[in-house]
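Only one structure is covered here, and it is reproduced in the block below.
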Amino acid sequence: DAGVIQSPRHEVTEMGQEVTLRCKPISGHNSLFWYRQTMMRGLELLIYFNNNVPIDDSGMPEDRFSAKMPNASFSTLKIQPSEPRDSAVYFCASRLTGVYGYTFGSGTRLTVV
Amino acid sequence: SQQGEEDPQALSIQEGENATMNCSYKTSINNLQWYRQNSGRGLVHLILIRSNEREKHSGRLRVTLDTSKKSSSLLITASRAADTASYFCATDDRDDKIIFGKGTRLHILP
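These protein sequences, in sequence, are chains A and B. All residue numbers for the first sequence refer to my numbering, where the first residue is 258 and numbers rise by one. All residue numbers for the second sequence refer to my numbering, where the first residue is 39 and numbers rise by one.
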């Protein structure tokens, strides 16, 4: 298995632009999580899905953030419009419910200038 | 929501020494997990300890859990340069999601 795959690895964009981050979970995993990591705030859970359904999006910072999981093998996190304070590393993780231990992707480093 | 807090924030030790990191949390848990993050990479799951367990081993890792003190420790024995990384504890939430602490940065000196 190739693990959790995130794209792009790096993204530099101008303030006000739309940014879309992508994640492919491990095949067979039915829970997917989006985290954001910064030096100041550490790892923050943004949203998680179970069986493609959003369960808890209380960590999504603002309406500018949205996430979708149209099928079991793909999820997106969209920021529109982006702002410099959104600069961070965004991680996607997946797991099989009842089996502990998340598998993380390598992350997307987002820089908004 | 509950969150683990690691202590110390940073730790430097000589190669071959043992490294101990601590984690405190706020409310009751079902389990506690430890993860490692190498620079520029995602987190890697190391070990899980359930609330009814007091100690668990995995290779050079030893984890203890004291639910009365709401604390856990991660011991890495005979440290190696490759152990240089950040280490996070994570506690579960009743809604089946886990919340991470801010981590301990471990640096192994040659």
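Using N, Cα and C, we set each Cβ at its ideal position, and we do this for glycine too.
Amino acids of chain A, ordered along the chain, whose beta-carbon sits closer than 7 Å to that of residue i
i: LEU81 of chain B; result: PHE361
i: LEU112 of chain B; result: Per Cβ cutoff of 7 Å: no residues; LEU112 of chain B is ~15 Å from chain A at best.
i: LEU17 of chain B; result: Summary: the structure shown does not reach residue 17 of chain B, with chain B confined to residues 39 through 148, and so no result is reported for it.
i: LEU86 of chain B; result: TYR357, GLY358
Neighbour-count burial assignment, residue i, 16 or more Cβ in a 10 Å radius
i: SER284 of chain A; result: exposed
i: LEU367 of chain A; result: buried
i: LYS135 of chain B; result: buried
i: PRO282 of chain A; result: buried
i: MET272 of chain A; result: exposed
i: SER264 of chain A; result: exposed
i: MET297 of chain A; result: exposed
Residue i: contacting residues in chain A (beta-carbon distance under 8 Å)
i: ILE137 of chain B; result: LEU302
Assumed close pair residue i, residue j - CB separation to whole angstroms, cut-off 8 Å
i: GLY42 of chain B; j: SER66 of chain B; result: Their Cβ separation, rounded to whole angstroms, is 13 Å, which puts GLY42 of chain B and SER66 of chain B out of contact at 8 Å.
i: THR360 of chain A; j: LEU278 of chain A; result: Not really, about 17 Å apart at Cβ, beyond 8 Å.
i: SER339 of chain A; j: VAL276 of chain A; result: 5 Å
i: GLN75 of chain B; j: THR142 of chain B; result: Contact doesn't hold; Cβ gap of about 11 Å is too wide.
Identity of the residues DSSP links to residue i by a beta bridge
i: GLN7 of chain B; result: Nothing can be reported for residue 7 of chain B: it is not among the residues displayed for chain B, which extend from 39 to 148.
i: SER339 of chain A; result: SER339 of chain A is not bridged to any residue.
i: MET326 of chain A; result: Looking at the DSSP assignment, MET326 of chain A forms no beta bridge with any residue, so it has no partner.
Beta-carbon contacts of residue i that lie in its chain and below 6 Å, excluding the five residues immediately before and after
i: THR295 of chain A; result: ALA345
i: PHE290 of chain A; result: TYR305, ALA350
i: ARG352 of chain A; result: HIS286, SER288, TYR359
i: TYR292 of chain A; result: LEU300, LEU302, PHE348
i: ILE87 of chain B; result: LEU70, LYS94, VAL101, LEU103
Contacting residues, own chain, Cβ-Cβ under 7 Å from residue i (five flanking each side not counted)
i: SER50 of chain B; result: HIS145, LEU147
i: GLN337 of chain A; result: GLU275, ARG321
i: SER323 of chain A; result: LYS335
Interface partners of residue i on chain B, CB under 7 Å
i: TYR381 of chain A; result: Lying before the first or after the last residue shown, residue 381 of chain A is absent from chain A, which here runs from 258 to 370.
Chain A contact residues for residue i, given Cβ-Cβ distances below 9 Å
i: GLY141 of chain B; result: GLY299, LEU300
Nonlocal neighbours in the same chain, by C-beta distance under 8 Å from residue i, ignoring five residues either side
i: THR354 of chain A; result: ASN287, SER288, ASN307
i: SER330 of chain A; result: LYS281, PRO282, SER284
Within chain B, the residues that residue i reaches when beta carbons sit closer than 8 Å
i: TYR347 of chain A; result: Going along chain B, no residue has its Cβ under 8 Å from TYR347 of chain A, so there is no contact; the nearest lies around 11 Å.
i: PHE290 of chain A; result: LYS135
Residues of the stretch 42-68 of chain B in Cβ contact with chain E at a cutoff of 9 Å, in chain order, please. Looking for chain E here will not work: the only protein chains present are A and B.
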